[in-house]
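Take a look at the structure below.
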Amino acid sequence: MIPPVKRVAVLISGRGSNLQNLIDAQDASYRIVLVISNVEGVGGLDKAQAAGIATTVISHAGKTREAFDGEMNAALHAVRADIIVLAGFMRILSDGFVRGWEGRLINIHPSLLPAYKGTKVHERVLAAKESVSGASVHFVVPELDAGPVIAQTSVPVHPGDTPQTLADRVLAVEHKLYPDALKLLASDKVKLLNGQAVFS
Ligand code: GRF
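The opening residue of the sequence shown carries number 125 in our numbering; numbering runs sequentially from there.
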């Protein structure tokens, strides 16, 4: 039996190049029904609107993390979201929010996790003279960038790379990796079970 199309909400804070690729890659497994940004006026909102996707801005300013996450939950439940995709969303989510969406909440991170969690990834990869870096899509768990990996792609680090040239090379592979990983989840081919990504 073909699983029903999953209703996806994408959370962004910026330009939304991953969002654009997720929009372009929509197939029978998922449809993007809402884009939420915590920042007004960002490029990702324009990309969603150009594709005819509903958008909402929920600012975190002056709110506790729990109040902010509560507002997001209300918006997500209102559209009956099945899956939440973080795509350049620059806020840490409360443990309660993450637990509420366990197994249905994914993120993309520009390193080969578990290496280089957190920020300033490319700077640290270059400082450590790594010869390989990459991108990872993972289930989100309360601990930052620590959830089980669903899919990864590696890229070479070239001599003379700057954080920007490396970021560009990683971003190019993210654009294929993220839709591929989302389709695995949306078609029930990967699940979070007992803290592990289990594939079928
Ligand atoms: C990507 O590099 C992603 O790995 C990180 O934030 C960036 C988002 O870029 N989490 P964009 O807004 O999708 O262009």
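Ideal Cβ positions, reconstructed from N, Cα and C, are used throughout, including at glycine.
Taking only three categories from DSSP, how would you classify residue i?
i: residue 249; result: helix
i: residue 289; result: helix
i: residue 260; result: strand
i: residue 244; result: coil
i: residue 280; result: strand
i: residue 294; result: helix
i: residue 222; result: helix
i: residue 147; result: helix
i: residue 321; result: strand
i: residue 315; result: strand
i: residue 275; result: strand
i: residue 198; result: helix
When we look at the beta-carbon of residue i and count the other beta-carbons within 10 Å, is it buried (16 or more) or exposed?
i: residue 177; result: buried
i: residue 238; result: exposed
i: residue 292; result: exposed
i: residue 130; result: buried
i: residue 252; result: exposed
i: residue 303; result: buried
Who does residue i pair with in a DSSP beta bridge?
i: residue 231; result: 210, 262
i: residue 132; result: 156, 207
i: residue 161; result: 136, 181
**OP:** Count the C-beta pairs between the region 243–254 and the region 267–280 that are closer than 8 Å, then say yes if the count reaches three, no if not.
**Re:** no
Original post:
Touching or not, the region 255–264 and the region 296–304, by the rule of three or more beta carbon pairs under 8 Å?
Top reply: yes
Original post:
Is there contact here, the region 263–274 with the region 224–236, by at least three beta-carbon pairs under 8 Å?
Top reply: yes
Subject >> Segment contact flag, the region 136–147 with the region 168–175, C-beta cutoff 8 Å, min 3 pairs >> reply: yes
Original post:
For the 8 Å Cβ check, are there 3 or more pairs between the region 181–194 and the region 206–218?
Top reply: yes
Original post:
Taking one C-beta from the region 200–207 and one from the region 181–188 each time, how about it: are there three or more such pairs within less than 8 Å?
Top reply: no
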